[in-house]
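Student: Here it is, the structure, as structure tokens.
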Amino acid sequence: MSAALDTGDRALAVAPDDEGVTLFVAAVLAVMDRDRDRAYNLLKKVAKSMPEVDPFYVMTRGLLALRAGQYEEAVTLLRQGLQELPPDPLALEALGDAYAALGRKDDAISAWRKGYGATSSRHARRRSLARKFRRARR
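Residue numbers (this note's numbering): 1357 to 1494.
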């Protein structure tokens, strides 16, 4: 992920007004749970021209809401983004985490199970999802 952030930052230095690159860097920061203020500022920069229904934009906002402890907002945004995209293990894991934080254990398990099913057997996210699923079932 650090390499992705470095690449995004280099691209932003060359094209600071490129919305796709700006959104990419915000998403990488959200996934890495690094520099939330910068991620929010980058999202605000593209918010004026980015359609509210763009699933990548919506899911990035959802990840940032989760990281900020805004669990209801995270659930709303992640579910909205997931409606438009194929099942994404990271987004489903984040959705499960938001549900778990809200005490919605069954919803959390369901989201984690879907995320697990959307990963290949070698996918690193699969182990994380399996651990969460086992812990929640206790």
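The beta carbon of each residue, even a glycine, is placed where N, CA and C say it ideally should be.
Whose C-beta lies closer than 6 angstroms to the C-beta of methionine 1440 among residues of the same chain, with five residues either side of it excluded?
Tutor: Here residue 1440 is taken as the residue at index 84 of the sequence shown, counted from 1. Here residue 1440 is glutamate; the residue named in the question, methionine, does not match the sequence. Same-chain partners within the cutoff: Pro1411.
Student: Whole angstroms are fine: how far does the CA of alanine 1457 sit from the CA of leucine 1385?
Tutor: Here residue 1385 refers to the residue found at position 29 of the sequence shown. Here residue 1457 refers to the residue found at position 101 of the sequence shown. C-alpha separation (whole angstroms): 21 angstroms.
Student: Just to check my reading of the structure: valine 1431 and alanine 1447 have Cβ atoms closer than 8 angstroms, yes? What is that Cβ distance to the nearest angstrom?
Tutor: For this step, residue 1431 is matched to residue 75 along the sequence shown. For this step, residue 1447 is matched to residue 91 along the sequence shown. Incorrect: roughly 11 angstroms between the Cβ atoms, too far for contact.
Student: Which whole-angstrom value describes the C-beta separation of leucine 1328 and valine 1402, a residue pair presumed to lie in contact below a C-beta threshold of 8 angstroms?
Tutor: Outside the shown range of the chain (1357 to 1494) lies residue 1328, about which nothing can therefore be said.
Student: Among the residues of its own chain, which have a CB less than 7 angstroms from the CB of leucine 1434, if the five just before and after it don't count?
Tutor: Position 78 of the sequence shown, counted from the start, is the residue given in the question as residue 1434. Hits under 7 angstroms: Met1415, Gly1418, Ala1447, Ala1450, Leu1451 and Ala1454.
Student: Which same chain residues, not among the five before or five after proline 1445, have their C-beta less than 8 angstroms away from its C-beta?
Tutor: The residue given as residue 1445 occupies position 89 in the sequence shown. If we look at proline 1445 and ignore the five residues flanking it on each side, its Cβ neighbours are Gly1471, Tyr1472, Ala1474, Thr1475, His1479, Arg1481, Arg1482 and Leu1485.
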